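All remarks here apply to the structure that follows.
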Amino acid sequence: MNISGGRRRLGASTLRMRRSLGLCMLAGAALLPHAVLAGTTAARANSSPGREAAVAQMMARAAQSPTELRVFLRAMPKGGDLHNHLSGAIWAEDYLLWAAQAGFCATADGLSVEPPPPGGCASERRIERRDGQESPSYARLVDSFSTRGWQAGVGRNERSGHAQFFQTFARFAPIAAISTAPMLASVRRHAALDRVSYLELDHNTNAFSQAIMAAGDGPMGEGDIADTFEADRALIEPLLARASAELTGDEAAAAKAMQCATPQAEAGCRVRVHYLFQALRALPPRMVFRSLVAAFMMADQDPRFVGINIVMPEDHPLALRDYPLHMAMIRFLAARYPRVHRTLHAGELGATQVPPLHRTDHIAQAIAAGAQRIGHGVDIAGEEHAAATMAHMAREGIAVEINLTSNDVILGVKGEAHPLGLYRRHGVPFVISTDDAGVLRGDMTGEYVRAVREQGLTYRDLKQASRNSLTYSFMPPDEKAAALAALDREWDVFERDRVAGAP
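For the sequence shown, the residue numbers in mature numbering (1 follows the signal peptide of the UniProt record, and there is no 0) are -38 to -1, 1 to 465.
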């Protein structure tokens, strides 16, 4: 990669973006209803001040112990999870169960799974637990599909949390690609157990995969965007109906597995779900653009997709080199599909992860491209105009999606080094989310525990965060209003039950 040339391109693009920053952010914020923005200054859960104060004191006492705090927070209503990648939300044990049911074998290196040969799996490559216990080969697969071993200290001298985390996705991809229906059922079951009432899942249907990869690895610049769009739009258009039908079938199968619409319906049936189509940034530019075209077109025509995202490691050489180009692509498509909401991964960088010149404006560029939410935003303090960017975010209601466990494992950023406190001091709205709960072996309750013990959030702060997670969602207005009203009722019940059960 020509770093000096890449920096020259970055500088020119950044200057253009800074000139249009205010206009772009105002355009992005215009898609947020005024009632939504007005409702973010204080938690509105229906509760008497005295009862709320009593429960707040209970939480303050519980916060002295992480286990006691988890017990207290488990039943707390948590609203939505707005930063949740479907494939990363699945626990390794579920993937391995489905792989075994499909007859898959462990690969020769024991790190992944693959379809069986004609004669079936060799005995040493069968995916199974023996006598209810993890065999060494099974345990190796669980650790390969997650950060379980790494978080326990296994292999930390050989690989970073960043490497372990991102390598998992290719390893479980063979079974994830054919398991969308059970994956949807799984995340809704886990959400219900965790008192999460809404999921905004990063998920792509398989219908576009071949078309995106077929875009090729040829060069592309900003001057090519308009012409490339016309060709890509014509190619993607015939795939939209197939993609919608694919999702309809997967959702129906998941609902059947949970017995939804029957007297035996599981609690997960009540969890609301929408989707974000995720474009892929660590690919050659023509593939990235085609994935963005598919994302915007899908979100524009299928109401289940409420927005788009851009994912993959932000520090990947291609992602760094082409970051301004990607933002130009998003800005172009946002102008043609103004109804499509946009949340963008930006600032998912550690202080020592990339050279300083690559850390000066990723979040600012994303906002200039029209981001209505920022995913991660960890490196805001490394940006050249951080205070101005946060002032814009606060003024225009651009929320930051906070993923505490993810940022710790992948970037090594936690505690006082995490920017949540900085965002809060600058008035930036925030939501708490899980990112990839299966890979990270966590849940939303664990994120709330971290928010209290590591970030000093109070009971009222958590109530505000839970409400923000619906307020700043991309749900349609009527559905959002119903979800917020339901959340208020859940808070009322939670507080009444806590006070009634107090010794």
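By construction, the Cβ of each residue, glycine as well, lies at the ideal position given by its N, Cα and C atoms. None of the values given here were measured: they were computed from a predicted structure.
{"Item": "For residue 484, the three-state DSSP class (helix, strand or coil)", "Value": "Residue 484 lies beyond the stretch modelled for the chain, which goes from -38 to 465, so this question has no answer here."}
{"Item": "Option nearest A153 by Cα separation, candidates R195, I89 and G42", "Value": "G42"}
{"Item": "Complete beta strand (DSSP E) runs within the stretch 382 to 415 (minimum length 3 residues, chain order)", "Value": "392 to 394"}
{"Item": "R458, DSSP secondary structure in three states", "Value": "helix"}
{"Item": "Limits of the beta strand (DSSP E) - the one that N271 falls within", "Value": "F267 to V273"}
{"Item": "Beta-carbon proximity of T305 to I329, cut-off 8 Å", "Value": "no"}
{"Item": "Cross-strand partners of D164 (DSSP beta bridge)", "Value": "H47 and L238"}
{"Item": "Whether R283 touches A331 by CB criterion (8 Å)", "Value": "no"}
{"Item": "Closest residue to I342 among P265, G312 and K425 (Cα-Cα distance)", "Value": "G312"}
{"Item": "Minimum C-alpha distance to S395 - residue among R151, N369 and A448", "Value": "N369"}
{"Item": "Candidates F239, P246 and I140: closest to M259 by CA position", "Value": "F239"}
{"Item": "Start-to-end residues for the alpha helix (DSSP H) that takes in T210", "Value": "L202 to A219"}
{"Item": "Validate contact between the stretch 14 to 23 and the stretch 360 to 369 using beta carbons, cut 8 Å, 3 pairs", "Value": "no"}
{"Item": "L44 to S431 span [Cα, whole Å]", "Value": "7 Å"}
{"Item": "C-beta atoms of H236 and V268 nearer than 8 Å", "Value": "yes"}
{"Item": "Outcome for G65 when other beta-carbon atoms lying within 10 angstroms are tallied against a minimum of 16", "Value": "exposed"}
{"Item": "C-alpha gap between H388 and V33, whole angstroms", "Value": "32 Å"}
{"Item": "Start and end residues, beta strand (DSSP E) containing H305", "Value": "Here residue 305 turns out to be Thr, not His, going by the sequence shown. Element bounds for T305: H303 to A308."}
{"Item": "Through-space distance from A169 to A(-9), alpha-carbon basis", "Value": "Summary for A(-9): the model assigns pLDDT 36, below 50, so the residue's position carries little reliability, and this model does not support an answer."}
{"Item": "Three-state secondary structure (DSSP) of P313", "Value": "It is Ala, not Pro, that sits at residue 313 in the sequence shown. Coil, per DSSP."}
{"Item": "Identity of the residue in A399, A207 and L103 nearest D164 by Cα", "Value": "A399"}
{"Item": "Whether V250 touches H288 by CB criterion (8 Å)", "Value": "yes"}
{"Item": "When R451, R458 and A464 are compared against S159, the one with the closest alpha-carbon", "Value": "R451"}
{"Item": "Among D189, D156 and E310, the one whose alpha carbon lies nearest that of R243", "Value": "E310"}
{"Item": "Boundaries of the beta strand (DSSP E) in which A361 is found, first to last residue", "Value": "A361 to I364"}
{"Item": "Run of the alpha helix (DSSP H) containing H324, from where it starts to where it stops", "Value": "H324 to A330"}
{"Item": "Exposed unless 16 or more other CB atoms sit within 10 angstroms - verdict on T210", "Value": "exposed"}
{"Item": "Span of the beta strand (DSSP E) around R335", "Value": "R335 to H338"}
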